[in-house]
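For reference, the structure is listed below as structure tokens.
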Amino acid sequence: MPPTPVIPRRIAIATHPTMPGAVPPAAAIAEYLRSRGLTAVHGLLDDATLRKRVKNSDFDLFIAVGGDGTVLRSAHLCAPFGVPILGVNLGRLGFLIQVGREDWQGAIDNLLKGNFWIENRIMIRAEHKRSDESLGNWHALNEVVVSRGASVHPVHLSASVDGMLLTNYVADGLIASTPTGSTAYALAAGGPILPPELRNILLVPIAPHLSVDRAVVLSEGASVSISVRDGSEAVLSVDGQIPISLVDNDQVEVRLGDYAARFVRFGDPGYFYRNLTAHMNQNPAIGLPR
1 MPPTPVIPRR IAIATHPTMP GAVPPAAAIA EYLRSRGLTA VHGLLDDATL RKRVKNSDFD
61 LFIAVGGDGT VLRSAHLCAP FGVPILGVNL GRLGFLIQVG REDWQGAIDN LLKGNFWIEN
121 RIMIRAEHKR SDESLGNWHA LNEVVVSRGA SVHPVHLSAS VDGMLLTNYV ADGLIASTPT
181 GSTAYALAAG GPILPPELRN ILLVPIAPHL SVDRAVVLSE GASVSISVRD GSEAVLSVDG
241 QIPISLVDND QVEVRLGDYA ARFVRFGDPG YFYRNLTAHM NQNPAIGLPR
């Protein structure tokens, strides 16, 4: 098991702005932390003051109260500054979260006793290029997707690994996923589940037509360049954020990120498989309002 990290003393608790029901639990967590002699503040993930304080290294732990989407947004905020995240699940699935809504007090007690460890999960970096000019770059915890967007026609894409052509695709799109993302969109597209400690990029085609229909796990450290071909209209989406339009010959270069997302975990690393088993063969989102 990894070495025990330093017990945090300055803690931020945040909720998703569209989950008002998460605010009372977040306030309760903050009050409990203060009763234990810790500094704790709570607010919304889009609160400018809270975000500025994270960037200024005012906190040594970030508690995300909500679902996987809340944790995903928290990772985008915290990972560049090395702030570890503890997720408290109020959502439906919680693949990224180990602590349930009824378990947070016990989890915090263990945290203050030093009975926890830090799990590092890779992020990937995507850069959008046009005629060798960089138009932007982003980090993803789950996946980078080049797809047909609103068009009804499949896109023509080529994928090159470390500068060598891998294959061409005619498909609804291509997913470049992290091991974390292998339980998200990549899983829905038929990809394999990768354990979170791996540092490999996973390529999964979406509804390929007369193309390679198998997922490919790249070697650790390998990068992939995805090019739009044959006049296709395509879009780039990073972790489900607002799509960016791509034109013919645009390239999306994906490699290991410049930093990792850090998560507080309890017990042994086998938690991932226990959490996974609990979610297999069921989908609690079916029949529930979004």
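For the sequence shown, the working numbering begins at 1 and goes up steadily by one.
In this text, a Cβ means the ideal position worked out from N, Cα and C, and glycines have one as well.
Predicted model, so just to flag it, every value in this text is computed and none were measured.
| Check | Outcome |
| --- | --- |
| Presumed contact (8 Å Cβ cut-off) between Thr183 and Met123, rounded CB distance | With a Cβ gap of about 15 Å, Thr183 and Met123 do not count as contacting. |
| Distance, Val224 Cα to Leu135 Cα | 17 Å |
| Outcome for Tyr169 when other beta-carbon atoms lying within 10 angstroms are tallied against a minimum of 16 | buried |
| Contacting residues, own chain, Cβ-Cβ under 7 Å from Met164 (five flanking each side not counted) | none |
| Where Ile7 falls: helix, strand or coil (DSSP) | coil |
| Three-state class that DSSP yields for Val54 in the structure shown | helix |
| Exposure of Glu210, with buried meaning 16 or more beta-carbon neighbours within 10 Å | Per the sequence shown, residue 210 should be read as Leu rather than Glu. The residue is exposed, with fewer than 16 neighbouring Cβ atoms inside 10 Å. |
| Buried or exposed (CB count within 10 angstroms, at least 16 for buried), Leu191 | The sequence shown places Gly at residue 191, not Leu. Label assigned to Gly191: buried. |
| Residue(s) in a DSSP beta bridge with Gln251 | Lys129, Ser227 |
| Stretch-stretch touch, CB-based, cutoff 8 Å, three pairs: the stretch 68-75 with the stretch 86-95 | yes |
| Which listed residue (Ala261, Thr167, Asp58) has its alpha carbon closest to that of Ala140 | Ala261 |
| For Pro17 and Asn56, the rounded distance between their alpha carbons | 22 Å |
| Whole-angstrom C-beta distance between Asp248 and Lys129, which should lie under 8 Å | With 8 Å as the limit, Lys129 and Asp248 do not qualify as a contact, their Cβ atoms being about 13 Å apart. |
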